[in-house]
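Written out below as structure tokens is the structure these notes cover.
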Amino acid sequence: MLPRVPRAAPPIRRDPTGRGLSRSARSRGHCIHGAYAGAVSTIEPVPATVPAPGHPARVVLFGRAGCHLCTDARALVAVVCAEAGEAWTEVDIDAPDPPTLPGGRSVFDEYSELVPVVEVDGVRQGYWRIDATRLRRALAAGPARSAGAASSPGRTV
């Protein structure tokens, strides 16, 4: 007779609409995309650098809780901004009252399918997988040059 195998943990609760994990599962750090769906992130969150009063952060990371790509982007942005001595901030697009973008659209409407999204001086520098070299280049270019270096529409970064 074979030895008895312990039972696995109960399955993760799915959203009743069938669109992935429930909001409570996402808030506990469960991944909702790709091959790692249902996995729990073990990486500790990195606190955003608070910008000095009167000096807004040049780098903004738009993300959501429970997104493994957002966790990777958060760690990368923290390292690159620390190297460059720049402040950065993070915006949770799933917040109850998300901020609006200059065109009047909410960040949820604009970035829901693209998170994580990184902007430097208001210019999108990447989404999904963030490129450290491109982020360093945008920070080194300074505010005036990075604002004119927006990527062409439709280009995947």
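Going by the working numbering, the first residue of the sequence shown is number 938, and it counts up by one from there. Even for Gly, the Cβ is constructed at its ideal location relative to N, Cα and C.
Check your understanding: According to the Cβ coordinates, are valine 1054 and cysteine 1018 closer than 7 Å?
Key -> No, they are not a contact pair.
Review point. Just reading off the beta strand (DSSP E) that arginine 1061 is part of, what are its end residues?
Key: Per DSSP, arginine 1061 belongs to the beta strand (DSSP E) from 1060-1064.
Point to revise | Pick from Cys1004, Thr1008, Gly1000 and Gly1041 that is closest to alanine 1032, judged by C-alpha positions | key: Out of Cys1004, Thr1008, Gly1000 and Gly1041, Gly1000 has the C-alpha closest to the C-alpha of alanine 1032.
Exercise for review: Measure the alpha-carbon distance for alanine 1015 versus aspartate 1046 and round it to whole angstroms.
Suggested key: Going from the Cα of alanine 1015 to the Cα of aspartate 1046 covers about 25 Å.
Point to revise | Bridge partners - leucine 998, DSSP secondary structure assignment | key: When beta bridges are read from the DSSP output, leucine 998 appears opposite Glu1027 and Val1055.
Exercise for review: Would you decide whether arginine 1011 is buried or exposed? Buried here means 16 or more other CB atoms lie within 10 Å of its CB.
Suggested key: Counting the other CB atoms within 10 Å of its CB gives arginine 1011 a total of 16 or more, which places it among the buried residues.
**Study point:** Exposed unless 16 or more other CB atoms sit within 10 angstroms - verdict on alanine 891
**Key:** Because the chain is modelled from 938 through 1094, residue 891 falls outside the range shown and cannot be assessed.
Check your understanding: In angstroms, rounded to a whole number, what distance separates the CA positions of arginine 1042 and glycine 1079?
Key -> Those two C-alpha atoms are separated by around 27 Å.
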